[in-house]
Structure formats: C-alpha cells, structure tokens
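Report on one structure; see the data block that follows.
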Amino acid sequence: MKICIIGYSGAGKSTLARALSQKLNTPCLHLDEVFWYGNWQSRPRGEVDAAVRAFAQANENYIIEGNYFYAYPQRFDECDAVIVLALNRFACLFRALARYKKYKGRPRPDLPCPEKFDLEFAAWILWGGRTRSRRRSIKNAASACNGKVYIIKTRRRMKRFWAEFISEGII
Numbered sequence: 047m048k049i050c051i052i053g054y055s056g057a058g059k060s061t062l063a064r065a066l067s068q069k070l071n072t073p074c075l076h077l078d079e080v081f082w083y084g085n086w087q088s089r090p091r092g093e094v095d096a097a098v099r100a101f102a103q104a105n106e107n108y109i110i111e112g113n114y115f116y117a118y119p120q121r122f123d124e125c126d127a128v129i130v131l132a133l134n135r136f137a138c139l140f141r142a143l144a145r146y147k148k149y150k151g152r153p154r155p156d157l158p159c160p161e162k163f164d165l166e167f168a169a170w171i172l173w174g175g176r177t178r179s180r181r182r183s184i185k186n187a188a189s190a191c192n193g194k195v196y197i198i199k200t201r202r203r204m205k206r207f208w209a210e211f212i213s214e215g216i217i
C-alpha cells in the first residue's frame, strides 16, 4: 500500500503518518525531514526530489507525508490513497502551538531542526498556506491519485477515520 498524506501546516500530517506507519508496519518519509537541515537551512529542490524518488523506488509500500509537490510528483499517480488534512486555520494554529510547547528548542521526530514558532509561521498557518494557488495544488495532487482520496476537515472526522481504519482496514 502506498499512501500520501498532504494538507495544511499544523493539521497533523506527521502525527497521522507515524501512527499509520506503525499500524501498517510500513516505511514513512516525512518531507520536512528531507527539505530542512541544520538550523532551518533548506536543501535544493533537486536534492529533495532525488531523495523522495529514491525512497519511493526503494519501497514497495510506503507513506510519504508532506506537501512539497515538486518532489517526485509521480508519487500521487502511484499511490493507493491520498489523505488530505484540511482542518480549519484556527485548529491548525492551536495544534502548531501545542507542538511548539512540546518540542520547544529541540528537534521533533520528523524534523531535524529545533522546533520554533514565530509570527511568520503563524501568518503562514492562518493565511499564506491557504492561498488559492496552495489550495489548488492540494486539490490537484489529490485528484492525481488513482486510488482512494480521504478529505478530513475536522478532528471528529479524523477520529472516525482512525476508528474505521482500525476496525475495517479501510485503506
């Protein structure tokens, strides 16, 4: 099974990816882990694309979490399911603040940089990451999937998705 998880910053993509990876015993790639290094230094696009491509080609089954749509875009054609986390901006902001409180000043499991939260990131969560073109990119990536597409807009729907997954193996 090949699964891509995309959505808004702070929506819970990494958390869901880790849980699915453990449940399915499937390798997981967090794109933030590939894109960022050191103290919030970004890797060149070519390096990110090559790393994602190598991961996808090396694994028969996988979970790839993150939006970097230029990085091996074929992953959306190849995947069996796309999960879109489209929680509202305030839920995402709350989740990002809680994550910051938990990991403040140290790297989290899916990111090699020390966790930070500033006004720039808050503005990204509330506005910048939700522009028409960003929403269109998410929609286009999801529509490229030949398998199932799950759009999760609320925490209640996330709990229901997880319960259905556990009891029925919906993916």
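For the sequence shown, the working numbering begins at 47 and goes up steadily by one.
Built from N, CA and C at the ideal position, the CB exists for glycine as well.
A contact between stretches requires three or more CB pairs, one per stretch, nearer than 8 angstroms, and the segment 56-71 fails this requirement with the segment 114-128.
Distance from the Cα of E106 is smallest, within the candidate group M47, K199, R178, for M47.
Here R89 carries a coil assignment [DSSP, helix/strand/coil]. The three-state secondary structure of L157, taken from DSSP, is strand. In the DSSP assignment, C138 falls within the alpha helix (DSSP H) that extends over 135-149. Non-local C-beta neighbours of R121 in its own chain, meaning closer than 6 angstroms and more than five positions away in sequence, comprise C50, A102, I110, ordered along the chain.
Per the Cβ contact rule, the segment 159-168 is in contact with the segment 137-150 (3 or more Cβ pairs under 8 angstroms). About 7 angstroms separates the Cβ atoms of V98 and L77, confirming a contact at the 8 angstroms cut-off.
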